[in-house]
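Enquirer: Structure in structure tokens, see below.
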Amino acid sequence: MAVLRELLTGFEYECSAGTTDREVTDIIYDSRKVVPGSMFVCISGAVSDGHAYAAEAVRAGAGVLLTEKDVELPEGADVTVVRVKDTHYAMAFVSAAFFGNPAQEMKIIGITGTKGKTTTTYLVKSILEHAGRKVGLIGTIEIIIGDTHIHADHTTPESYLIQKYFRQMADAGCDTVVMEVSSQGLMLHRTQGFTFDFGIFTNLEPDHIGKGEHKDFEDYLHCKSLLFRQCRVGIVNHDDAHWEAVTEGHTCTLETYGIDTAAGLRAENITFFREAGNLGMGFDVTGLMNFPVQIATPGKFSVYNALTAIAICRHFGVQEVDIRAALLAAKVKGRIEPVKVSDSFTLMIDYAHNAMALKSLLGTLREYQPHRLVCLFGCGGNRARSRRYEMGEVSGRMADLTIITSDNPRTEEPQAIIDDIKTGISRTDGQYVEICDRKEAIAYAISHGEPGDIIVLAGKGHEDYQEINGVKYPMDERVLIQEILEGR
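Residue numbers (numbering that gives the first Met the number 0): 0 to 487.
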């Protein structure tokens, strides 16, 4: 609970009705969840406008309305109305104040970019915790507060939830938070109300452009750039063609990293290693730090992810021995995640669920010159059929064997989805088998593994369910693999 006037800091407002001396019990932006004495934030969304529910919120007990425009109130309503230019923006500051500005009690790391955000957050968490810090995490997969794992609905949650999680993290003894910062989160001001200690840019490719997201690439780039006006130290990938545009107008100090002699922190002498069914990379860190490192995940993009994490952790005084040990041990669920089933062949799980991601994944694994590259995947139902053709064609051209199976069929017939994937494969000379049941398909892949094979289970990644006709049934590929091995 807090006094309203103490929450109205950091932005301009007008109190058009009532008093700012009112107590606020909570901050709500869903009219169905209003509690007595709460502030209801009227958000103009893409689907509905919260201003239309203002009267309903007051009748449910809201004592304060945060609005952008005029609202209709019940006759004789005892309510305070605070008018602002942008309720998304104001809510971020109000939420921060409501929870006692918890970001000020911790170091906050924000990572933005098209790719690499998720993996890098886990690498940073691993390194810093290996060095003795207690780290909270907010990202695409989950929110981690101590031993508590909370399923994530958005890469970057609403500002109220961010501040709520920050408060829980600070109260749990966290001294650092690492979080993914999406372009949508920046565009909708979810990360206002505090300053990042470190803002990181990984890379930029055309993505999230279309209805309900960004109108064009320029808008996407602009939103990414906002992070560098809201952080103290900016750390950017010098090898990305857009790094200068992304940091234009920055208010932070800047550092660079990359596989490039012009970058401040560099990866040199990159090598691929493969032993006992495990894949990885080795390289020398040079420039701002100097030491050799190995990572237990394949591909050049894994080098970038590791280098990003090193560039961040350098500021925390982490010793080289801790960085090396943490990177070698780190695994990110569903991101080229190795699952040990044999010393003679490799099995990995990855979230690649579109043609671009699958092409990148298979191209990376090809660099290890496998005896056979085996790709098992399906496609989600109630999504664009073109994705199925495209993924089928990519796997048909790049894999030695494709195992077509089910993903999340949703309300579609699994066989109809498989038939669409086969249409894509038919454009190639690729060999394939179809096994509709995903567990049976995985069992086939394992039992038919040959020495030197690399087998990748694509599409599900970190997901632990399968959605069929509106119901999410438990299904974790790691559990399936264990059951298969025990069954053998």
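Quick reminder that beta carbons are idealized off the backbone N, C-alpha and C, glycines included. Every value quoted in this text rests on a predicted model; they were computed, and no experiment measured them.
Can the beta-carbon of residue 30 be found less than 9 Å from the beta-carbon of residue 52?
Expert: Yes, the pair counts as a contact, with Cβ atoms nearer than the cut-off.
Enquirer: Could you tell me whether the Cβ atoms of residue 63 and residue 83 are closer together than 9 Å?
Expert: Not closer than 9 Å, so no.
Enquirer: Relative to the alpha-carbon of residue 76, which residue among 91, 57, 88 has its alpha-carbon at the smallest distance?
Expert: Nearest C-alpha to residue 76: 57.
Enquirer: Drop a sphere of 10 angstroms on the beta-carbon of residue 290, count the other beta-carbons inside from all chains shown, and report buried for 16 or more, exposed for fewer.
Expert: Exposed, by the Cβ-count rule.
Enquirer: Going by CA-CA distance only, name the one from 72, 86, 60, 320 that's closest to residue 10.
Expert: For the residues 72, 86, 60, 320, the minimum Cα distance to residue 10 belongs to 86.
Enquirer: For the structure I just gave you, are there three or more beta carbon pairs, one from the stretch 282-299 and one from the stretch 232-247, closer than 8 Å?
Expert: The stretch 282-299 vs the stretch 232-247: no contact.
Enquirer: Using the three-state DSSP reduction, which class does residue 425 fall into: helix, strand or coil?
Expert: Coil at residue 425, not helix or strand.
Enquirer: From residue 32 to residue 61, what distance separates their C-alpha atoms?
Expert: Looking at the two C-alpha atoms, the distance is approximately 10 Å.
Enquirer: Any idea what DSSP makes of residue 397, helix, strand or coil?
Expert: Correct three-state label for residue 397: helix.
Enquirer: Can you look up residue 208 in the DSSP assignment and give me helix, strand or coil?
Expert: Confidence at residue 208 is low in this model, with a pLDDT of 49, below 50, so the placement of that residue should be treated as unreliable; the coordinate-derived value is given next. Reduced to three states, the DSSP call for residue 208 is strand.
Enquirer: Pick from 428, 427, 432, 426: whose alpha carbon is nearest that of residue 417?
Expert: It is 432 whose Cα lies nearest to the Cα of residue 417.
Enquirer: In three-state terms, what does DSSP make of residue 435?
Expert: Here residue 435 sits in coil by DSSP.
Enquirer: Tell me which residues share the same chain as residue 14 and place their Cβ nearer than 6 Å to its Cβ, disregarding the 5 neighbours each side in the sequence.
Expert: So the qualifying residues of the chain are 81.
Enquirer: Could you tell me whether the stretch 445-455 touches the stretch 382-389, using the rule of 3 or more Cβ pairs below 8 Å?
Expert: The stretch 445-455 vs the stretch 382-389: no contact.
Enquirer: Tell me the DSSP secondary structure of residue 312 in three-state form.
Expert: Helix at residue 312.
Enquirer: My output table needs one value for residue 38: the three-state DSSP class, helix, strand or coil.
Expert: Three-state result, residue 38: strand.
Enquirer: So residue 16 is in the beta strand (DSSP E); what residue range does that whole segment cover?
Expert: Where residue 16 is concerned, the enclosing beta strand (DSSP E) stretches over 13-16.
Enquirer: Cβ of residue 242 within 9 Å of Cβ of residue 232?
Expert: Not closer than 9 Å, so no.
Enquirer: Within 10 angstroms of its Cβ, does residue 268 collect 16 or more other Cβ (buried), or is it exposed?
Expert: Flag for residue 268 reads exposed.
Enquirer: Could you tell me which uninterrupted beta strand (DSSP E) segments, each at least 3 residues in length, are contained entirely in the stretch 93-118, listed from first to last along the chain?
Expert: DSSP runs (the beta strand (DSSP E)) wholly in the stretch 93-118: 106-111.
Enquirer: For the 8 Å Cβ check, are there 3 or more pairs between the stretch 449-469 and the stretch 345-352?
Expert: With a cut-off of 8 Å, the stretch 345-352 and the stretch 449-469 count as touching, because enough Cβ pairs lie within range.
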